[in-house]
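These notes concern the structure reproduced below.
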Amino acid sequence: MAAQPGAMDEMTAVRQLGERLAPAEVSPALRVEAAVRGRTTGGVRPARGPLGSGPRWGAPLVAAAAVAVVVLATRGLTPLGADGGRPAAAGDVPPSSAGRQPAGSASAKRASDPPMAADRYVYTRVRFVEGVQSAEKGFVQVSGEDESWASADGRGAVVQHNGSRPAPGEGSYSAMREGWRVATQLGPDRRAGRPGQDLRGDVRFGWTASPGGQVPALPDPATTASVEAWLVQVERAVVGDSPGRVAALRAPTWAFGPGNQPEAVDVFALIPPSGREAVFQAVSRRPGATRHTVTVGENGTMIAIDGGTGAGRGDDPWVRMLFDPTTHAFTGIQDVLAAEQDGLPAGTVVKQYLIEQQAVVDRPGSHPDGTSVPVPLTPSQLPTGDPARAHLAR
Amino acid sequence: MAMARWDADGLGTDSDVVVASLADPEAFGELYRRHAPAVHGFVLRRMGAEQADDVTADTFVTAFRIRDRFDRTRDSARPWLLGITVHQISRRWRAERAHLTTLAALEAAPLGPGRSVPDVSEVALARSVDARLAAALRRLRRGDRDVLLLVAWAELEYAEVAEALGIPVGTVRSRLHRARRLVRAALPTSNQED
């Protein structure tokens, strides 16, 4: 019996809440078992009647086996501070000199951060390709854009995404605000709250990644050592206080998990020029990390730093962080299969998030080319339960 | 290679089933039959219906792939499976957070057209205590919430929670104590009892 003697009212209340949410045991729909059977591979199946309907355990479904390797179709990458071959639009962030050092340099030379007014916003456009597992359809590959605007004032910021995909893990938000979702809240600047501070020069990641945990601010100055410590803090904030999980981490972006990569992109995309080299070096030095070069579609060669995962509770894909070979600016994330899975060979890129463009704009919704889309700006425009309201109301 | 065909009628312990599935993957279907309802119910409570199918499927796909790591001295595979489930949930923490946020907001903003929460009763959830509890659960540390809900919703023993999460029993106790204290403080009838 789980309940201990003297069980408290709160335990009863929690149990009753659970009972109102769903029965303790609910048989999944047959499609769930079919999906599981379809995704398990290996071994020769005996030709006797299976338990239930659908394909046999260990026999891959045609649909699963036919998952297409992600096509790395991206365009016009313009990472922060690099022209990337794309014409610089008005307001594009100027290049940094931080990345001129050799890749192996352990000491990070700090670049200066151009000033930016507090009432302006960093616009980021990410091109993503995802393979989404659907119990009904098997793997479905989707691609699209994800735009965000991070405010630059010292009171904190809300990153608002304008995504078009059926976002895994965003169901409730999608239901609350169709077409819009707030994926990340950048918390208030607890240390200063200085109006007019430079977001890129003093980014506060007071972002509540998990209840009870805060992703801390990027250290200032951002040195390799201080960023290494910061990465650990990020992981602990996101993963929680499970020592086993933290110890098993090999890539800082792992902690964000499937469907949460946009947050990882948010965090690392807003690294200011002065912190790029330190972040690059710190990520490179992670235990177990490997560094090599990859060709990413039309975007050319990038530096890839792979980190294993495998917290012992799953067989997660490897996470690859991509960096500009010249500036060492963070350019995106790939999820790479560490082993054959669902009929796909090891090494297959199954998800990809590439930063296509970053620029400074006047307000959320504005694009560098002068066009705009409506973005809720005030607390009253957000649903009552949206945690972003509290941040905006400060 | 000669292999024993799995006989669904020859029921054994979960350990027997897992061992059998190493030679005959079809045997794993028996483990699914035994525990999928509990896993699915747990996920439904924690994440809502939108995520439940995927998380349940991912749990068993993962379990199948790492079944050779199952501790065969354990008779029941449920703690092991729920540990994998918690891992899958933790990798979708944003969805869980959104689910709890939605529940916590129901008191102030009752459901209506265009706003839906799958598989929950609007009447039952539009209650102050549930909203407060959901808000409190949302504020808990993830590890504390995992322990609390494995005990309260999955009905695991402390030792089973420890097995599921790979932590000492003492840590289970301390996390549960902390979680209960915080949840108790959120209840309208909270008292100082410990």
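First to last, the protein sequences are chains A and B. Just so you know, the numbering used here puts the end of the first sequence at 395, numbered straight through with nothing missing. Just so you know, the numbering used here puts the end of the second sequence at 912, numbered straight through with nothing missing. Note that the Cβ used here is the ideal one computed from N, Cα and C, for glycine as well. Note that the coordinates shown come from a computational prediction; the quantities given were computed from them, not determined experimentally.
Contact list for residue i against chain A, beta-carbon separation under 7 Å
i	result
V847/B	A14
R710/B	In this structure chain B extends from 719 to 912, so residue 710/B is not present and cannot be described.
Contact set for residue i: own chain, Cβ-Cβ below 7 Å, skip 5 residues either direction
i	result
L818/B	A852, L855, R856
V879/B	V865, L868, V869, V890
A781/B	L799, I802
F916/B	Here chain B comprises residues numbered 719 to 912, so residue 916/B is not present and cannot be evaluated.
V737/B	R790
C-alpha gap between residue i and residue j, whole angstroms
i	j	result
R796/B	S892/B	23 Å
Q17/A	T820/B	18 Å
E744/B	A35/A	13 Å
H293/A	H329/A	13 Å
R850/B	A872/B	21 Å
A340/A	R899/B	43 Å
D10/A	T302/A	60 Å
Y876/B	P755/B	21 Å
S367/A	K352/A	27 Å
R128/A	I272/A	19 Å
A770/B	A23/A	11 Å
L874/B	V779/B	22 Å
S28/A	V15/A	22 Å
S227/A	L905/B	41 Å
V847/B	G298/A	53 Å
Cutoff 9 Å: residue i Cβ touching any chain B Cβ
i	result
S149/A	no
S275/A	no
R38/A	yes
A30/A	yes
L338/A	no
G19/A	yes
D10/A	yes
E34/A	yes
T349/A	no
T41/A	yes
Contact set between residue i and chain A, taken where Cβ atoms lie within less than 9 Å
i	result
G888/B	What G888/B touches in chain A: nothing, since even the nearest Cβ is about 13 Å away.
L800/B	Per Cβ cutoff of 9 Å: no residues; L800/B is ~11 Å from chain A at best.
P906/B	Near P906/B there are no residues of chain A at all, since even the closest Cβ is about 10 Å away, more than 9 Å.
Chain B residues whose Cβ lies nearer than 9 Å to that of residue i
i	result
R321/A	Here the premise fails: no neighbours, minimum Cβ distance about 17 Å.
Test: residue i CB closer than 9 Å to a CB of chain A
i	result
P797/B	no
E911/B	At E911/B the pLDDT is 40, less than 50, meaning the model places this residue with poor confidence and gives no usable figure here.
V747/B	Just to set this straight, residue 747/B is Gly in the shown sequence, not Val. Closer than 9 Å: yes.
V735/B	no
E873/B	yes
D789/B	no
T774/B	yes
R792/B	no
A756/B	yes
A852/B	yes
A880/B	no
D732/B	no
D771/B	yes
A870/B	yes
Reduced DSSP secondary structure (H/G/I, E/B, other) of residue i
i	result
A781/B	helix
F129/A	strand
V295/A	strand
E26/A	coil
R809/B	coil
P189/A	For P189/A, the pLDDT reaches just 31, beneath the cut-off of 50, and the residue's location in the model is therefore unreliable, although a value from the coordinates is still provided. Coil, per DSSP.
T302/A	strand
T332/A	strand
I802/B	helix
F746/B	helix
R790/B	coil
E34/A	helix
V374/A	coil
L867/B	helix
R286/A	coil
E814/B	helix
D363/A	coil
L821/B	helix
D325/A	coil
D221/A	coil
Closer than 8 Å: residue i CB and nearest the ligand ATP heavy atom
i	result
A882/B	The model on display carries no ligand, and the ligand ATP is accordingly not part of it.
Listed by chain order, chain B residues near residue i by CB distance under 7 Å
i	result
P24/A	G759
V413/A	What the structure shows of chain A is the stretch from 2 to 395, and residue 413/A is not part of that stretch, so it cannot be assessed.
Same chain, Cβ closer than 8 Å to residue i, neighbours up to 5 away in sequence not counted
i	result
R764/B	I807, E814, H817, L867, W871
Proximal residues of chain A, C-beta to C-beta of residue i below 8 Å
i	result
V865/B	Neighbours of V865/B on chain A: none; closest Cβ ~11 Å, over 8 Å.
Neighbourhood of residue i by C-beta, 6 Å cutoff - its chain only, sequence neighbours within 5 removed
i	result
F269/A	F331
V280/A	V228, I272
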